[in-house]
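For the sequence shown, the residue numbers in our numbering are 218 to 380.
Even for Gly, the Cβ is constructed at its ideal location relative to N, Cα and C.
To keep things clear, I will list the structure first and then write my remarks on it.
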Amino acid sequence: RICNHCTYPGCLASCPRGAIYKRPEDGVVLIDQARCRGYRKCVEACPYKKALYRPTTRVSEKCIACYPRLEGRDADITPDGEPIETRCMSACVGKIRLQGLINRNQDGTWAEETNNPLYFLVQREKVALPLYPQFGTEPNGYYIPPRWVPRAYLEQMFGPGVE
Numbered sequence: 218r219i220c221n222h223c224t225y226p227g228c229l230a231s232c233p234r235g236a237i238y239k240r241p242e243d244g245v246v247l248i249d250q251a252r253c254r255g256y257r258k259c260v261e262a263c264p265y266k267k268a269l270y271r272p273t274t275r276v277s278e279k280c281i282a283c284y285p286r287l288e289g290r291d292a293d294i295t296p297d298g299e300p301i302e303t304r305c306m307s308a309c310v311g312k313i314r315l316q317g318l319i320n321r322n323q324d325g326t327w328a329e330e331t332n333n334p335l336y337f338l339v340q341r342e343k344v345a346l347p348l349y350p351q352f353g354t355e356p357n358g359y360y361i362p363p364r365w366v367p368r369a370y371l372e373q374m375f376g377p378g379v380e
């Protein structure tokens with residue numbers, strides 16, 4: 218389950234142990250496994266149902282955006298320390314997943330980056346949209362809506378104005 222690493226994550230606010238945190242350098246939302254006691258509040262609070270409880274370890278888990286791979290810190294996979302693509306990107310048969318960081322201006326808006334494919338799809342062409350924006354979490358995962366889906370379903374998933 219790929220996490221949206223929301224700007225305002227519901228899972229973070231719901232954890233009574235404070236085990237969930239957001240990395241300031243890239244916005245990745247993580248669960249501190251040592252602090253988690255498996256209360257499952259994050260599982261209930263995530264509107265996207267991305268957090269899950271693992272009964273064998275008795276703690277909650279979620280996607281970590283493969284940050285050790287992106288930072289080149291996984292010595293078993295990248296002994297030279299070079300960053301590599303995430304697991305979901307390498308496993309995608311159609312090679313349609315993009316992942317990357319965006320630069321933000323002082324006011325929090327996206328900085329113009331003409332060579333960044335994410336900027337092109339989200340900001341310039343406006344074809345990639347956040348999923349369920351009505352939840353108010355400001356998800357940082359963007360999706361290109363399918364073409365042949367009933368309009369009511371598309372509006373439910375991507376909000377009004379989806380085309």
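Pull up the CB-CB distance for Leu269 and Arg218, whole angstroms please, since I reckon it's below 8 Å.
7 Å
For Ser277, which residues does DSSP report across the bridge?
Bridge partners of Ser277: Tyr270.
Here's the rule: buried if 16 or more other CB atoms are within 10 angstroms of the residue's CB, otherwise exposed. What is Tyr265?
buried
Cβ shell of Glu372 (< 7 Å), same chain only, five flanking positions each side left out
Val379
What residues in its chain sit with their C-beta under 6 Å from that of Glu340, if we drop five residues either side in the sequence?
This sequence places Gln at residue 340; Glu is not what is there. Correct list, in chain order: Trp327.
By the 10 Å Cβ neighbour count, where 16 or more other Cβ atoms means buried, how is Gly317 classified, buried or exposed?
An exposed status is given to Gly317, since fewer than 16 other beta-carbon atoms sit within 10 Å of its beta-carbon.
Excluding the 5 residues flanking Cys220 on each side, which residues of the same chain have their C-beta closer than 6 Å to its C-beta?
Lys267, Lys279 and Cys280
Residues near Cys283 by beta carbon distance below 7 Å, same chain, minus five either side:
Thr303 and Arg304
Bounding residues of the beta strand (DSSP E) (the contiguous stretch that carries Tyr265):
Here Tyr265 belongs to no beta strand (DSSP E), and DSSP marks it neither H nor E.
Contact under 9 Å by Cβ, Val246 with Pro233
Against a cut-off of 9 Å, the Cβ pair of Pro233 and Val246 comes out as no contact.
Would you list the residues sitting across from Leu346 in a DSSP beta bridge?
Tyr360
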